[in-house]
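Q: Residue numbers (the working numbering), protein chains in the order written: chain A, 143 to 245; chain B, 4 to 249.
Glycine included, C-beta positions come from ideal geometry on N, C-alpha and C.
Keep in mind that this is a model prediction, so the values were computed, not measured.
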Amino acid sequence: DSLRAQDPGPRPLELKEVFKLFQIQFNKSYSNPAEHARRLDIFVHNLAMAQRLQEEDLGTAEFGVTPFSDLTEEEFGQLYGNWRAAKKDLRVGRKVRFEKQEL
Amino acid sequence: IPPSCDWRKAPNIISPVKYQGKCNCCWAIAAAGNIEALWNIRFKQSVEVSVQELLDCGRCGDGCLGGYVWDAFITVLNYSGLASEKDYRFRGRANIHRCLAPFYKKVAWIQDYVMLPRNEHTMARYVATQGPITVLINQMLLQHYRQGIIRATPSTCDPWLVNHYVLLVGFGKEEEKKGSEKDLSQSNHLPRHSTPYWILKNSWGAHWGEQGYFRLHQGSNTCGITRSPLTACIGDPAEKQQVSCP
Chain A
143 DSLRAQDPGP RPLELKEVFK LFQIQFNKSY SNPAEHARRL DIFVHNLAMA
193 QRLQEEDLGT AEFGVTPFSD LTEEEFGQLY GNWRAAKKDL RVGRKVRFEK
243 QEL
Chain B
4 IPPSCDWRKA PNIISPVKYQ GKCNCCWAIA AAGNIEALWN IRFKQSVEVS
54 VQELLDCGRC GDGCLGGYVW DAFITVLNYS GLASEKDYRF RGRANIHRCL
104 APFYKKVAWI QDYVMLPRNE HTMARYVATQ GPITVLINQM LLQHYRQGII
154 RATPSTCDPW LVNHYVLLVG FGKEEEKKGS EKDLSQSNHL PRHSTPYWIL
204 KNSWGAHWGE QGYFRLHQGS NTCGITRSPL TACIGDPAEK QQVSCP
């Protein structure tokens with residue numbers, strides 16, 4: 143009873159509210175409710191991912207909500223990844239490893 | 004090598020952070036940033052060069068589908084320089100059949116370009132004594148990055164899967180702030196740890212990260228930073244002069 147009587151303090155924001163704030167901050171809108179729901183799912187997944195990265199990071203980095211929080215990893219890679227460079231570099235990497243094996 | 008170096012502190016060396024939008028032209032923006040910085044250091048004259056010229060006039064087709072910094076440098080050599088950003092403005096899409104390079108006055112040019120040794124110590128020395136360089140990294144963690152120093156392991160950020168060009172503008176050390184209360188209470192008796200870091204200029208606008216910049220741990224090849232350090236050569240090599248980084 144005494145615990146119940148205590149003021150619980152400010153209520154943590156629900157994920158939907160956090161997503162709404164994200165949309166306002168980065169001026170994001172979606173074409174239909176289905177797309178909105180899909181982006182919300184991705185956003186929630188990305189928040190969990192950011193939390194995991196935060197725990198794994200050995201430096202002082204802060205991970206969290208960014209302008210790319212409503213994109214899947216694949217979409218982010220397609221939109222911002224320089225795959226021409228990545229493919230070439232992977233080819234070089236494979237060649238080097240192959241040559242090492244040969245030796 | 005000085006303990007820290009930040010070319011942003013020198014006036015008119017580093018141009019404002021650019022926004023690549025939906026065009027995958029990090030390679031062209033990094034190359035342009037490298038040329039601008041070296042030109043400004045060498046000639047004490049502030050220029051901002053055209054990224055659009057690199058996209059329209061490159062030999063590898065649509066520059067918005069990705070590219071290589073060395074191809075940007077080859078384009079600069081082929082056209083004997085670059086126009087100014089003011090004259091040949093960035094449009095966010097490549098126009099490969101309409102290279103306008105011959106119609107504009109060149110404001111900066113290069114003599115050559117070099118691949119630097121894949122070694123963080125050598126990279127730091129070059130940045131401190133010559134100026135900013137381009138590097139290729141794995142951008143995976145940047146999707147969720149807000150601020151601070153990223154220190155990853157090969158399992159959290161694969162150093163072989165490098166897919167994003169950025170400009171390395173300096174380095175420094177940060178006193179560790181993380182730690183439990185116990186650690187803090189003992190901190191007076193223990194040697195203080197500091198985290199060495201690289202300062203990198205991204206091309207996702209000034210509202211991303213630390214005003215458009217981010218920091219990676221120095222000394223652990225975080226996210227493959229040593230995979231492809233490349234820089235243009237500006238000025239007469241016979242008159243090579245060392246400069247001091249602020």
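1. Is there a C-beta anywhere in chain A that falls below 8 Å from the one on C60 of chain B?
2. List the residues that DSSP assigns as beta-bridge partners of P162 of chain B.
3. Restricting to Cα atoms, I'd like to know which of B:A209, B:I228, B:H210 and B:W211 is closest to W201 of chain B.
4. Which whole-angstrom value describes the C-beta separation of N37 of chain B and T137 of chain B, a residue pair presumed to lie in contact below a C-beta threshold of 8 Å?
5. Which of the three DSSP states is assigned to G219 of chain A in this structure?
6. Quick one: which residues of the stretch 14 to 36 of chain B get their C-beta closer than 7 Å to a C-beta of chain A? List them in chain order.
7. Strictly below 7 Å CB to CB, what residues from chain A border N166 of chain B?
8. Comparing C-alpha positions only, which one of B:V54, B:Y82, B:T132 and B:R128 sits nearest to G70 of chain B?
9. Just verifying my parser: in three-state terms, what is the DSSP assignment at A155 of chain B?
10. List the whole-angstrom C-beta distance separating Y91 of chain B from A235 of chain B, where the pair is believed to meet the contact cut-off of C-beta under 8 Å.
11. What whole-angstrom Cβ distance do A31 of chain B and A75 of chain B have, given they're in contact under 8 Å?
12. With distances taken Cα to Cα, identify the nearest neighbour of D239 of chain B among B:K25, B:P6 and B:R45.
13. Express the C-alpha separation of P135 of chain B and A13 of chain B in angstroms, rounding to a whole number.
14. Using a beta-carbon distance cut-off of less than 7 Å, what residues from the stretch 167 to 187 of chain A approach chain B?
15. Determine whether the Cβ of I152 of chain B lies closer than 8 Å to any Cβ atom of chain A.
16. Looking at the strands, I want to know which residues DSSP matches up with T198 of chain B.
17. In chain order, what residues of the same chain have a beta carbon less than 7 Å from the beta carbon of Y216 of chain B, not counting five sequence neighbours either side?
18. Give the secondary structure of D115 of chain B by DSSP, where H, G and I count as helix, E and B as strand, and everything else as coil.
19. Is L157 of chain A helix, strand or coil by DSSP?
20. Going by beta carbon distance, what residues of the same chain come within less than 6 Å of S49 of chain B, once the five residues before and after it are set aside?
21. Is F164 of chain A close to chain B, meaning its C-beta is less than 8 Å from at least one C-beta of that chain?
22. Distance check for T125 of chain B and L170 of chain B, CA to CA, integer angstroms please.
23. Going along the stretch 185 to 209 of chain A in order, which residues come within less than 7 Å of chain B, judged by CB to CB distance?
24. Could you pull the start and end residues of the alpha helix (DSSP H) that Q55 of chain B belongs to?
25. H220 of chain B lies in the beta strand (DSSP E); which residues open and close that run?
26. Check whether chain A comes within 8 Å of L233 of chain B, counting only Cβ atoms and requiring the distance to be less than that.
27. Just to make sure I have the definition right: I need the residues of chain A whose C-beta is within less than 7 Å of the C-beta of Y216 of chain B. Which are they?
28. Using CA coordinates, which residue listed in B:A34, B:L103, B:S247 and B:Q133 is at the minimum distance from D59 of chain B?
29. Taking only beta carbons into account, state which residues of the stretch 120 to 150 of chain B come closer than 7 Å to chain A, listed in chain order.
30. At a CB-CB cut-off below 8 Å, which residues of chain A make contact with G70 of chain B?
31. E177 of chain B versus chain A: which residues are under 7 Å apart at the beta carbon?
32. May I ask you to report which of helix, strand or coil DSSP gives H100 of chain B?
33. Would a C-beta distance cut-off of 8 Å place V52 of chain B and A209 of chain B closer than the cut-off?
34. Using three-state DSSP, classify Y82 of chain B as helix, strand or coil.
A: Reading it off the structure:
1. Taking the first residue of the second sequence as position 1, residue 60 of chain B is located at position 57. Taking Cβ atoms only, chain A never reaches closer than 8 Å to C60 of chain B, which makes this a no.
2. Within the second sequence, residue 162 of chain B is the residue found at index 159, counting from 1. Answer by DSSP bridge pairing: none, since P162 of chain B is not bridged.
3. Position 198 of the second sequence, counted from the first residue, corresponds to residue 201 of chain B. For W201 of chain B, the nearest C-alpha among the options comes from B:I228.
4. Position 34 of the second sequence, counting from 1, holds the residue named residue 37 of chain B. Position 134 of the second sequence, counting from 1, holds the residue named residue 137 of chain B. Indeed, because the Cβ distance is near 5 Å, the residues count as touching under 8 Å.
5. Counting from 1 along the first sequence, the entry for residue 219 of chain A is found at position 77. It is helical.
6. For the stretch 14 to 36 of chain B, the beta-carbon criterion of a distance under 7 Å to any beta-carbon of chain A is satisfied by K25, N27, C29 and W30.
7. Taking the first residue of the second sequence as position 1, residue 166 of chain B is located at position 163. Those are G223, N224, W225, A227 and A228, listed as they occur along chain A.
8. Your numbering for residue 70 of chain B matches position 67 in the second sequence. Closest option to G70 of chain B, judged by alpha-carbon separation, among B:V54, B:Y82, B:T132 and B:R128: B:V54.
9. Stepping through the second sequence from its first residue, residue 155 of chain B is reached at position 152. Looking at A155 of chain B - three-state DSSP - the assignment turns out to be coil, as it is neither helix nor strand.
10. The residue given as residue 91 of chain B occupies position 88 in the second sequence. The residue given as residue 235 of chain B occupies position 232 in the second sequence. Actually they do not touch by this definition, with Cβ atoms about 18 Å apart.
11. On the second sequence, position 28 is the one that residue 31 of chain B refers to. On the second sequence, position 72 is the one that residue 75 of chain B refers to. With a Cβ gap of about 5 Å, A31 of chain B and A75 of chain B count as contacting.
12. Numbered from its first residue, the second sequence carries residue 239 of chain B at position 236. Of the listed residues, the one whose Cα sits closest to D239 of chain B is B:R45.
13. Translated into the one-based positions of the second sequence, residue 13 of chain B becomes position 10. Translated into the one-based positions of the second sequence, residue 135 of chain B becomes position 132. Approximately 12 Å between the Cα atoms of the pair.
14. none
15. As a position in the second sequence, residue 152 of chain B is number 149, starting the count at 1. Yes, its Cβ sits closer than 8 Å to a Cβ of chain A.
16. Against the second sequence, residue 198 of chain B aligns to sequence position 195. Paired residues: B:E177.
17. For the purposes of this step, residue 216 of chain B is taken as the residue at position 213 of the second sequence. The residues are I202, L203, K204 and N205.
18. Within the second sequence, residue 115 of chain B is the residue found at index 112, counting from 1. Strand.
19. As a working note, residue 157 of chain A is residue 15 in the first sequence. L157 of chain A falls in the helix class under three-state DSSP.
20. Position 46 of the second sequence holds residue 49 of chain B. Taken in chain order, the residues that qualify are N15 and N43.
21. Here residue 164 of chain A corresponds to residue number 22 of the first sequence, with the count starting at 1. Output row for F164 of chain A: interface = no.
22. Residue 170 of chain B sits at position 167 when you count from the first residue of the second sequence. Residue 125 of chain B sits at position 122 when you count from the first residue of the second sequence. Here the alpha carbons of T125 of chain B and L170 of chain B stand approximately 16 Å from one another.
23. Hits within the stretch, in order: N188, M191, A192, L195, E198, D199, L200, G201, T202, A203, E204, F205, G206, T208 and P209.
24. Taking the second sequence and counting its residues from 1, one reaches residue 55 of chain B at position 52. Start and end: V54 to C60.
25. Stepping through the second sequence from its first residue, residue 220 of chain B is reached at position 217. Its beta strand (DSSP E) spans residues Y216 to H220.
26. Working through the second sequence from its first residue, we reach residue 233 of chain B at position 230. Answer no: the Cβ-Cβ gap between L233 of chain B and chain A never drops below 8 Å.
27. The residue labelled residue 216 of chain B in the question sits at position 213 within the second sequence. Those within 7 Å of Y216 of chain B in chain A number zero; the least Cβ separation is about 13 Å.
28. On the second sequence, position 56 is the one that residue 59 of chain B refers to. Measuring from the Cα of D59 of chain B, the nearest candidate turns out to be B:L103.
29. Within the stretch 120 to 150 of chain B, the qualifying residues are L139, Q142, L144, Q146, H147, Y148, R149 and Q150.
30. Here residue 70 of chain B refers to the residue found at position 67 when the second sequence is read from its first residue. By Cβ distance, chain A contributes N224, R226 and A227.
31. Here residue 177 of chain B is taken as the residue at index 174 of the second sequence, counted from 1. Result: T202.
32. For this step, residue 100 of chain B is matched to residue 97 along the second sequence. Of the three classes helix, strand and coil, the one that applies to H100 of chain B here is coil, per DSSP.
33. Residue mapping note: residue 52 of chain B aligns to position 49 of the second sequence, counting from 1. Residue mapping note: residue 209 of chain B aligns to position 206 of the second sequence, counting from 1. Not closer than 8 Å, so no.
34. Position 79 of the second sequence, counting from 1, holds the residue named residue 82 of chain B. If DSSP states are grouped into helix, strand and coil, Y82 of chain B belongs with coil.
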